[in-house]
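Engineer: All residue numbers for the sequence shown refer to UniProt numbering, where the first residue is 1 and numbers rise by one. The following block contains the structure, expressed as structure tokens.
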Amino acid sequence: MADAESPAAFDIEAQRAQIRRAQEATDRFVAEQHALMVEAAKLNRDRTLAPWQVALSGMAAGAAFFGAGAAFIKLLGA
């Protein structure tokens with residue numbers, strides 16, 4: 001009788017191990033998808049803010065050139 005119950009007990013343990021492995025694989029997949037979604041959100045945010053970054057950089061460069069020009073004119077004494 002003990003021999004008849006052992007294969008069934010082993011089969012149940014094998015199924016439990018298989019279920020655990022499947023759950024771990026699912027958890028890894030969910031974590032990877034979450035990381036990819038976070039990265040996609042960052043890229044979307046960067047894509048949205050890029051025009052503003054270009055505009056502000058252009059204004060800062062213009063202000064720097066204006067200041068340099070004013071300093072040059074003052075240096076020449078005109």
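Note that CB positions come from ideal geometry on N, CA and C, so glycine has one too.
Give me the Cα-Cα distance between Gln58 and Phe65, rounded to the nearest whole angstrom.
Structural biologist: Along the sequence shown, one-based indexing puts residue 58 at 58. Along the sequence shown, one-based indexing puts residue 65 at 65. Going by the sequence as given, residue 58 is Gly instead of Gln. Their Cα atoms are separated by approximately 10 Å.
Engineer: Look at the alpha carbon of Ala50 and the alpha carbon of Asn44, and state the distance between them as a whole number of angstroms.
Structural biologist: Numbered from its first residue, the sequence shown carries residue 50 at position 50. Numbered from its first residue, the sequence shown carries residue 44 at position 44. So the alpha carbons of these two residues sit roughly 10 Å apart.
Engineer: Counting C-beta neighbours from all protein chains within 10 Å, is the total for Gly67 16 or more, i.e. buried, or is it exposed?
Structural biologist: As a working mapping, residue 67 is identified with position 67 in the sequence shown. Burial call: exposed.
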